[in-house]
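Peer 1:
Residue numbers (the working numbering): 11 to 333.
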């Protein structure tokens with residue numbers, strides 16, 4: 011109710027100043043609490059409050075200039091639309107902020123202002139430039155589809171070149187305006203950036219499982235293969251030692267040491283032991299790292315730092331409040 015009271019008051023002031031008679035028809039605004047669903051392996055485990063959403067889904071006015079100038083009505087509608095968007099983040103901020111815990115909201119106008127303050131280009135897209143501007147936009151596909159459909163219907167769209175990040179929210183604001191009447195739809199797109207981190211968790215789980223379950227197996231096989239090679243080397247060394255002993259007994263190779271066989275066998279045995287031990291130690295080391303990663307990911311999943319699954323790209327949301 012506070013939203014509509016303030017909006018009506020602002021509209022009356024603007025209408026009187028511009029010489030316009032305006033009447034607000036029955037309208038619809040939805041104020042709701044978003045829920046964060048904590049999940050583990052896709053199974054919901056806990057539900058927590060995830061912020062507030064305000065959706066001015068239907069605002070209808072009848073406006074007519076006292077002098078009959080349609081351009082005046084158009085300017086009034088544009089001004090009224092901007093005001094309605096600003097109030098969508100200002101009113102909830104005023105209602106829920108405390109000196110110790112101020113809250114921030116995001117609306118279409120605020121998102122565009124933040125983008126402009128950060129040096130992100132703001133485009134006005136129409137039928138004359140859509141083929142040039144649309145490829146430059148770094149926004150979601152749903153936003154591009156909305157822009158394409160709106161322009162095809164003769165509307166004009168104001169949008170930032172790329173998304174912004176604000177208090178964990180990632181998205182953009184865009185205004186779809188009727189160039190003849192000034193009426194418009196003030197939209198925001200996007201959701202909490204935690205949805206992006208979900209993919210990070212998946213990547214870490216894949217790496218952990220790779221280290222824990224897959225890599226140690228070939229390492230053991232490699233160690234075993236090297237051990238077999240070392241065993242054949244020892245057998246070959248034994249044959250060589252016997253041959254050296256025979257040649258020495260025949261008076262050939264008298265410069266070979268008497269303990270040549272023992273030294274050769276001992277060295278090859280040490281080499282085989284090192285290969286086997288090194289392979290097993292490496293496998294155990296990788297498994298330990300994987301175990302640590304899995305434990306950390308379990309803790310993160312338990313506190314649901316990443317598994318926010320309820321936030322979706324919703325172009326019907328006009329305002330997101332962050333507490």
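Think of the CB as a built atom: it goes at the ideal place given N, C-alpha and C, for glycine as much as any other residue.
Keeping to the same chain, check which residues put their C-beta closer than 7 Å to that of residue 40; ignore five residues upstream and five downstream.
Peer 2: Cβ neighbours of residue 40 beyond the five flanking positions: 65, 67.
Peer 1: Do you know how far the Cα of residue 53 is from the Cα of residue 119?
Peer 2: Spanning the two alpha carbons is a distance of roughly 37 Å.
Peer 1: Taking all protein chains shown into account, decide if residue 31 is buried (16 or more other Cβ within 10 angstroms of its Cβ) or exposed.
Peer 2: With fewer than 16 Cβ atoms within 10 Å of its Cβ, residue 31 is classed as exposed.
Peer 1: Can you give me the C-alpha to C-alpha distance between residue 34 and residue 45, rounded to a whole angstrom?
Peer 2: Those two C-alpha atoms are separated by around 32 Å.
Peer 1: Apart from the five residues on each side of it in sequence, which residues of its chain come closer than 6 Å, Cβ to Cβ, to residue 24?
Peer 2: Only 89 meet the Cβ criterion.
Peer 1: Applying the 10 Å Cβ sphere with the 16-neighbour rule, what's the burial state of residue 11?
Peer 2: Exposed, by the Cβ-count rule.
Peer 1: At 3 residues or longer, and completely inside the segment 134 to 182: list those beta strand (DSSP E) runs for me, N to C.
Peer 2: Counting only runs of 3 or more, we get 166 to 170, 174 to 176.
Peer 1: Helix, strand or coil: how does DSSP classify residue 65 here?
Peer 2: DSSP places residue 65 in strand when its eight states are reduced to three.
Peer 1: Ordered along the chain, which non-local residues of its own chain (more than five positions away) have a Cβ less than 8 Å from that of residue 21?
Peer 2: These residues qualify, in order along the chain: 32, 34, 71, 90, 93.
Peer 1: Quick check on the DSSP output: the beta strand (DSSP E) that includes residue 115 runs from which residue to which?
Peer 2: Start and end: 114 to 116.
Peer 1: What's the C-alpha gap between residue 128 and residue 177?
Peer 2: Their Cα atoms are separated by approximately 15 Å.
Peer 1: May I ask which residues mark the beginning and end of the alpha helix (DSSP H) holding residue 19?
Peer 2: Residues 12 to 28.
Peer 1: Does residue 35 come out as helix, strand or coil in the three-state DSSP assignment?
Peer 2: Reduced to three states, the DSSP call for residue 35 is coil.
Peer 1: Mark residue 98 as exposed unless 16 or more other C-beta atoms lie within 10 angstroms of its C-beta, in which case mark it buried.
Peer 2: The residue in question, residue 98, is buried, as its Cβ has 16 or more Cβ neighbours within 10 Å.
Peer 1: Could you say which of 173, 51, 191, 109 lies nearest to residue 130 if we only look at CA atoms?
Peer 2: The residue with the shortest Cα to Cα distance from residue 130 is 173.
Peer 1: At which residues does the beta strand (DSSP E) containing residue 73 begin and terminate?
Peer 2: First-last of the beta strand (DSSP E) with residue 73: 71 to 75.
Peer 1: In chain order, what residues of the same chain have a beta carbon less than 6 Å from the beta carbon of residue 104, not counting five sequence neighbours either side?
Peer 2: Closer than 6 Å at the Cβ level, and outside the excluded window around residue 104, lies no residue.
Peer 1: Please determine, among 82, 36, 122, 187, the residue with the shortest C-alpha to C-alpha distance to residue 135.
Peer 2: Taking only the C-alpha atoms, the option nearest residue 135 is 187.
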